[in-house]
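In our numbering, the protein residues as written are 41 to 207.
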């Protein structure tokens with residue numbers, strides 16, 4: 041009887057985790073760049089009560105008899121499917137299609153995000169308004185017609201105009 045109570049308790053615990061994940065997903069439904077989470081469960085080690093038998097004469101064999109000892113958290117995964125794109129009317133709001141991330145830097149470390157609600161700081165750098173981290177990118181050199189090997193801060197030259205070109 042104690043085994044059945046333990047199996048029930050583990051089931052309640054894992055279901056509580058599932059409800060926590062669902063609650064977090066619902067709470068963040070309007071959070072920019074939030075990726076929903078998915079929880080999976082697995083059976084804990086089962087106990088073998090009777091082993092399998094092979095066929096004997098005209099009789100077929102039998103399957104093993106096992107009893108489960110409950111459930112546990114198998115994995116908690118972020119679901120990186122493409123969300124819906126919507127126009128915000130803000131020129132510095134960006135979106136990424138596919139499986140890529142924006143790279144942000146605090147000057148020492150790099151951070152990755154899919155949230156594209158950016159603003160320009162006083163130096164014209166594209167930044168995350170929440171923490172001030174600067175958006176990184178690969179600069180394009182028009183003379184060599186190539187991209188830089190290392191990422192750098194994205195600088196938007198405000199007030200500069202691109203010279204007109206004949207098309």
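We treat Cβ as the ideally placed atom computed from N, Cα and C, and that holds for glycine.
Identified DSSP bridge partners for residue 177: As a position in the chain shown, residue 177 is number 137, starting the count at 1. In DSSP, residue 177 forms a bridge with 192.
Of the listed residues 157, 111, 151 and 52, nearest to residue 130 (C-alpha basis): Walking along the chain shown from the start, residue 130 turns up at place 90. With distances taken between Cα atoms, residue 130 lies closest to 157.
Neighbour-count burial assignment, residue 189, 16 or more Cβ in a 10 Å radius: Working through the chain shown from its first residue, we reach residue 189 at position 149. The residue in question, residue 189, is exposed, as its Cβ has fewer than 16 Cβ neighbours within 10 Å.
Extent of the continuous beta strand (DSSP E) run through residue 44: As a working note, residue 44 is residue 4 in the chain shown. That residue, residue 44, is in no beta strand (DSSP E); its alpha helix (DSSP H) goes 42-67.
Contact between the region 53-68 and the region 89-102 (3+ Cβ pairs under 8 Å): no
Residues of its chain near residue 76, where Cβ-Cβ distance is below 6 Å and the 5 sequence neighbours each way are ignored: One-based indexing of the chain shown puts residue 76 at position 36. Contacts found: 65 and 119.
Residue burial classification, residue 141 (beta-carbon count within 10 angstroms, cutoff 16): Counting from one through the chain shown, the residue named residue 141 turns up at place 101. Per the 10 Å Cβ criterion, exposed.
CB contact flag (residue 24, residue 132, <8 Å): Any question about residue 24 goes unanswered here, given that the chain covers just 41 to 207.
Inter-residue CB distance, residue 113 and residue 79 (contact presumed, cutoff 8 Å): Translated into positions along the chain shown, residue 113 becomes position 73. Translated into positions along the chain shown, residue 79 becomes position 39. Confirmed, Cβ separation roughly 7 Å.
Coarse secondary structure for residue 86, derived from DSSP in three states: By 1-based counting over the chain shown, the position of residue 86 is 46. DSSP places residue 86 in coil when its eight states are reduced to three.
Neighbourhood of residue 117 by C-beta, 7 Å cutoff - its chain only, sequence neighbours within 5 removed: On the chain shown, position 77 is the one that residue 117 refers to. Hits under 7 Å: 77 and 78.
Whole-Å CB distance - residue 86 paired with residue 109, under 8 Å assumed: Here residue 86 corresponds to residue number 46 of the chain shown, with the count starting at 1. Here residue 109 corresponds to residue number 69 of the chain shown, with the count starting at 1. The pair is a contact, with the Cβ atoms about 6 Å apart (cut-off 8 Å).
Strand pairing of residue 96, partner residues [DSSP]: Translated into the one-based positions of the chain shown, residue 96 becomes position 56. 99.
Per DSSP, cross-strand counterpart(s) of residue 161: As a position in the chain shown, residue 161 is number 121, starting the count at 1. Residue 161 pairs with nothing; no bridge assigned.
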